[in-house]
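Residue numbers (our numbering): 21 to 315. See structure below.
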């Protein structure tokens, strides 16, 4: 497995491309937007510069990593000859089903189709293809170049051989793969998102303020980041989407998103990406100032 295609040049896609390319793989980074591709490559270069400044890599490694990545704005040209596709597009079932139907018709028959989805059913995605045994979840954590975990999700029909191939590949990337089964939210978000949602409920109910809630979880539970800051970092729209997937999948009210979270997403207060969420990021990305709404 030498040639990899990554679909989507956003935060997760460019991070995944970075990691594969740094480990010597030939990477096709595919996005329908040339602007997104430019921003993605700029982010990879910036992250490599940061690693270079910290003496974690050499100038040669930086140059080799960038040279291993080719960008494509055309899906067919970007994926037709690859051994593995890792889809990292928007967390939308409709978009993913359309993409995987196209990928199944374009990619060579031996290619494995992986998705970086954080909550959507692998089995449902695989069912749109004629290679359900070769469809698998490969859920990287953000920021991809730093975080060690890759959650490997087996769909109902995913073969043992494909699962082992992706487990081994993840190890070659310097990651720690963990195999889980295909249920809404998998493991990471099935546990994380209810905690974030409960933190939002705690704020919504006036139990404590933004800083106080995050401080309790950081100092009392040894979390490196408080749940409200983490929600801002992930994106409140992404958190809402994942909660809705779990609520629809389990029909259990404990997964119902807090009204405050719904309202903030509706108002465009999405966290770091929009400049404001529970914290104000207009001057700093370090969650140092609480949003005026909660101050």
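Think of the CB as a built atom: it goes at the ideal place given N, C-alpha and C, for glycine as much as any other residue.
- residue 184: buried (16+ other C-beta within 10 angstroms of its C-beta) or exposed? Residue numbering aside, residue 184 sits at position 164 when the chain shown is read from its first letter. So residue 184 ends up on the exposed side.
- Message: Using CA atoms only, rank isn't needed, just tell me which of 189, 106 and 162 is closest to residue 155.
- Response: Along the chain shown, read from residue 1 onward, the residue named residue 155 stands at position 135. Closest option to residue 155, Cα to Cα, is 106.
- So is residue 171 buried or exposed if we call it buried at 16+ other beta carbons inside 10 Å? The residue labelled residue 171 in the question sits at position 151 within the chain shown. By the 10 Å Cβ count, residue 171 comes out buried.
- Message: At the level of alpha carbons, what is the spacing between residue 177 and residue 242?
- Response: Taking the chain shown and counting its residues from 1, the one referred to as residue 177 is at position 157. Taking the chain shown and counting its residues from 1, the one referred to as residue 242 is at position 222. Residue 177 and residue 242: Cα-Cα distance of roughly 39 Å.
- Item | Rounded separation between residue 195 and residue 84 - CA only | By one-based count along the chain shown, residue 195 stands at place 175. By one-based count along the chain shown, residue 84 stands at place 64. The alpha-carbon atoms of residue 195 and residue 84 are separated by roughly 20 Å.
- Counting along the chain, where does the alpha helix (DSSP H) carrying residue 282 start and finish? Along the chain shown, read from residue 1 onward, the residue named residue 282 stands at position 262. Residue 282 -> alpha helix (DSSP H) spans 279 to 286.
- Is the number of C-beta pairs between the region 81 to 99 and the region 141 to 156 that are closer than 8 Å three or more? no
- Give the straight-line distance between the Cα atoms of residue 73 and residue 31, rounded to the nearest whole angstrom. Counted from its first residue, the chain shown places residue 73 at position 53. Counted from its first residue, the chain shown places residue 31 at position 11. One Cα belongs to residue 73, the other to residue 31, and the distance between them is close to 21 Å.
- Among 277, 303, 208 and 237, nearest to residue 162 - alpha-carbon criterion: Mapped onto the chain shown, residue 162 falls at position 142. For residue 162, the nearest C-alpha among the options comes from 208.
- Between the CA atoms of residue 228 and residue 222 - distance to the nearest angstrom: In the chain shown, residue 222 corresponds to position 202, counting from 1. In the chain shown, residue 228 corresponds to position 208, counting from 1. If I take the Cα positions, the gap works out to 7 Å.
- alpha helix (DSSP H) runs wholly inside the region 63 to 116, at least 4 long, in chain order: 79 to 87 and 95 to 99
- Task: Can you check the region 171 to 218 for any beta strand (DSSP E) of at least 3 residues that lies completely inside it and give the ranges in chain order?
- Result: 196 to 201
- Task: Report the partner residues of residue 159 according to the DSSP bridge assignment.
- Result: By one-based count along the chain shown, residue 159 stands at place 139. Residue 159 pairs with 171.
- Can you give the Cα-Cα distance for residue 285 and residue 68, rounded to whole angstroms? Against the chain shown, residue 285 aligns to sequence position 265. Against the chain shown, residue 68 aligns to sequence position 48. Residue 285 and residue 68: Cα-Cα distance of roughly 32 Å.
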